[in-house]
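Below you'll find the structure, written out as structure tokens, and then a few comments.
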Amino acid sequence: MKKSMIVCFILLLCMGSAVYGDDAVLGGRGNTVYPIYDTQVEMLSEHVDIEVKGEYSLVRCEFLFRNAGEKETVMVGFPAYGTLPPREDRASFGDDEKLYDFKTYVDGKEQNTVIKEGLKEEGNNLGRMYYANWYVWEMKFDKGQERRVVNTYRIKNSYDSIGGKTVKYILETGATWKNSIGYGKVSIRFDQKIDPQNINIVDYQEYENQPNVAIGVYPEDNKITWEFFDLEPDFNIELYYQEPMERQRYLIFDSVDNGENKEKDMIKKYGLTAYKAYMSSDDERALEAIKKVNSYKEHGDEEIASYALEVSNFLDYYRGLIHMKRGDTEGAIYYLKLNGLLQDRNLYLLSQLYKTSGNLDQYIQMLNRMTKGNVYGNVLRLWANQEQQALPQGIKVKYDIDDSDAKVITSKESVEEGVKAETKKQEDFSYKGFILFNMGIVIFIFVIFWNIKKR
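Numbering (mature numbering (1 follows the signal peptide of the UniProt record, and there is no 0)), first residue to last: -20 to -1, 1 to 435.
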């Protein structure tokens, strides 16, 4: 009887509620599907690119599979619309979890897909492995055949109540494949400049010490990557990103009702004028409005002076950015320090200013503060470690920087070649030859022993 199974690609984006995920293996019952852990197909490599662009995120997933067993037919599945059950705490957000423009390519040829219903929760079809509907298509594997699968789609982003974004990629489902995943790379790129201190990796402690997993943080490319090899996945990738200045702007301006206080209304008006002027690149107008806000800081009414100080501190961030654009490093450092003083913010920007101005002592001190201090954001710590590892050896010695924990990931191509080479070695291995070879050694030793005994 021809063997049939379902392979699922749990690759949905999580921006508050939706999810990215890895391939898993499913079985079928009637017209429904559910997860199983029985296949001879291996995942040699995977490459996932997630582009977070405005209202939507664009996803491209590429997988290289190899059949390590006999010829078989495989039904492949990918979570479809309405994948996740509705959550009461998200009801007011109107989340849209549909996949738009979903397409599947096998060895470069587009496939026709149908939608099947997921089996109700039972057996392996529980928790993160449960999905309500699936895109399904058929694949045939000859013995030893390698096949490449590409999935592309877009999904609408959603946000939490304080403007934070969550991007989640499920790796655990990749454990349903035969053996470990040979090589993988997951890249998340944002469409705006990122500050590593504004991003946190959720549950990073679960895999922080795994030697075959490395994370790259590239603010200059607005990108974060995960690379791994020979991985039996027992964790998931999840990023939480929030722009603190947008949150602060809301708290200072949008959530405040100044009632009949005309002075506070004027401070709010000048503050919003400064913010909007900066966002529209009208720096002179922004600076003029900031001066008007500052004029209220010495007001005789403590409530008015306190509000003016709060607004002024918020605007110090943009004042620092204006000085940075104008090449005034000293002024930029002063205002960014002032803005981030209470919450220990702007460490990444300050480190870049010290670096580009040649202030090596302050730059190294800032990196040490990020790696050893109690600051928010493990992505910031990872970036600082990455910077320290890239320093010339002489600088490391001078400042007593230890990078012995550095992780090195081989390139995708070399890892795939290594996986194939190791597979070929296993294929070329002959038990018959092994037995004959060892019998020859035993006979050789026996002859030597006999001759010694005879003498």
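Just so it is clear, CB atoms sit at the ideal spot from N, CA and C, and this is done for glycine as well.
Residues near residue i in its chain [Cβ-Cβ closer than 7 Å; skip 5 each side]
i	result
Ile87	Position check: residue 87 holds Asp in this sequence, whereas Ile was assumed. Excluding residues within five positions, the ones whose Cβ falls inside 7 Å are Arg127, Arg128.
Asn159	Glu22
Ser331	Tyr343, Met346, Leu347
Pro224	Asn178, Arg325
Phe233	Lys248, Gly251, Leu252
Arg227	Ile142, Gly143
Ala60	Leu79, Ile95, Asn113, Trp114, Tyr115
Gly34	Asp171
Helix, strand or coil at residue i [DSSP, three-state]
i	result
Asp87	coil
Asn92	coil
Ile142	coil
Leu151	coil
Trp114	strand
Ser235	coil
Thr19	coil
Gly162	strand
His303	helix
Leu371	coil
Asp29	strand
Asp263	helix
Phe294	helix
Asn11	Unreliable positioning characterises Asn11 in this predicted model, as indicated by a pLDDT of 49, which lies under 50. A coordinate reading is not provided.
Leu79	strand
Glu50	coil
Val355	coil
Lys173	coil
Trp157	coil
Ala194	strand
Beta carbon of residue i nearer than 9 Å to that of residue j
i	j	result
Arg299	Tyr315	yes
Gln222	Ile142	yes
Phe170	Asn202	yes
Lys96	Gly124	no
Tyr149	Glu207	no
Ile161	Leu79	no
Asp210	Ala155	no
Val130	Thr84	yes
Ile302	Asp263	yes
Gly320	Tyr297	yes
Glu118	Val197	no
Close-in-space but distant-in-sequence residues of the same chain around residue i (CB under 8 Å, 5 per side omitted)
i	result
Arg361	Met350, Thr351, Val355
Asp122	Asn47, Lys51
Val273	Ile247, Tyr250, Gly251, Ala254, Ala288, Val291, Ser292, Leu295
Val32	Met(-6), Asn137, Lys145, Val147, Ile168, Arg169, Phe170, Asp171
Cutoff 6 Å; reference residue i; Cβ partners in own chain excluding five residues on either side
i	result
Arg40	Asp29, Thr132
Ser337	Thr309
Val182	Glu218, Tyr220
Gly357	Gln177, Asn180
Ala266	Ala254, Ala257, Tyr258
Leu318	Asp296
Glu186	Phe215
Residue i, buried or exposed, once every other Cβ within 10 Å from all chains shown has been counted against 16
i	result
Ala370	exposed
Thr153	buried
Asn137	buried
Glu282	exposed
residue 448	Residue numbering for the chain in the displayed model covers -20 to 435; residue 448 lies beyond these limits and cannot be assessed.
Tyr230	exposed
Gln368	buried
Asp175	buried
Leu322	exposed
Gln366	buried
Val377	exposed
residue 443	No statement about residue 443 is possible, as the shown extent of the chain runs from -20 to 435 and does not include it.
Thr19	buried
Asn216	buried
Nearest-angstrom beta carbon gap, residue j and residue i [assumed within contact, 8 Å]
i	j	result
Leu44	Leu24	4 Å
Ala269	Ala254	4 Å
Thr287	Lys256	Residue 287 is actually Tyr in this sequence, not Thr. The pair is not a contact, with the Cβ atoms about 19 Å apart (cut-off 8 Å).
Leu333	Ala364	No, Leu333 and Ala364 are not in contact; Cβ-Cβ is about 15 Å, not under 8 Å.
Tyr36	Pro199	That pair is no contact at about 23 Å.
Thr205	Lys165	6 Å
Cβ of residue i within 9 Å of any chain B Cβ
i	result
Glu200	Absent from the structure: chain B. Only one protein chain is present.
Any non-hydrogen atom of the ligand ATP closer than 8 Å to residue i Cβ
i	result
Glu97	This structure simply doesn't include the ligand ATP, nor any ligand for that matter.
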